[in-house]
Amino acid sequence: LPAHKHLVFAALDDKDVSSMLAPLLPLVDSVIVTRPEGQSRAREPAELAALVPGAQAIEPVSAALAEAEARALGDGGFVLVAGSLYLVGEVLRRIERG
């Protein structure tokens, strides 16, 4: 696996974010938090970023992905998308559209 991993993460308000992030944080080099489009129940990216030292809050998802991809291109790493299934679904739709 590539040495560098860049996480794009989002979560809804009712989720245990600390438990979701705990297994991921030791594995990644950077964290970008965002909010899935149209999800009023999504936790504020700034609030998520405050939970993770060094995390960056970026909206919309397309900008968060662009930043993560730029990081991965710069260091030969890859992008990991995790957290909310709404986020994962949005990313998959973007990939399918090309």
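Residues in the sequence shown are numbered consecutively from 952, following the working numbering. Heads up, the beta-carbon is just placed ideally off N, CA and C, and yes, glycines get one too.
So what does DSSP say about Leu975, is it helix, strand or coil?
Of the three classes helix, strand and coil, the one that applies to Leu975 here is coil, per DSSP.
Is Ile983 helix, strand or coil when you go by DSSP?
Here Ile983 sits in strand by DSSP.
Assuming Ala1006 is part of the alpha helix (DSSP H), what are its boundary residues?
Note, Ala1006: premise wrong, no alpha helix (DSSP H); not H, not E.
I want to know whether the stretch 960 to 980 touches the stretch 1019 to 1034 - three or more CB-CB distances under 8 angstroms.
The stretch 960 to 980 is in contact with the stretch 1019 to 1034.
Around the C-beta of Pro996, are 16 or more other C-beta atoms found within 10 angstroms, so that it is buried, or is it exposed?
By the 10 Å Cβ count, Pro996 comes out buried.
Have a look at Pro1011 and Gly1027 and give me their C-alpha separation to the nearest angstrom.
Approximately 24 angstroms between the Cα atoms of the pair.
Ends of the beta strand (DSSP E) at Gly1025?
Here Gly1025 belongs to no beta strand (DSSP E); instead the alpha helix (DSSP H) covers Val1012 to Asp1026.
Where Leu1024 and Leu972 are concerned, what is the direct C-alpha to C-alpha distance, given to the nearest angstrom?
When rounded, the distance between both Cα atoms is 24 angstroms.
Between Ala1015 and Ile1046, which are expected to be in contact by the criterion C-beta below 8 angstroms, what is the C-beta distance as a whole number of angstroms?
14 angstroms between Cβ atoms; not a contact.
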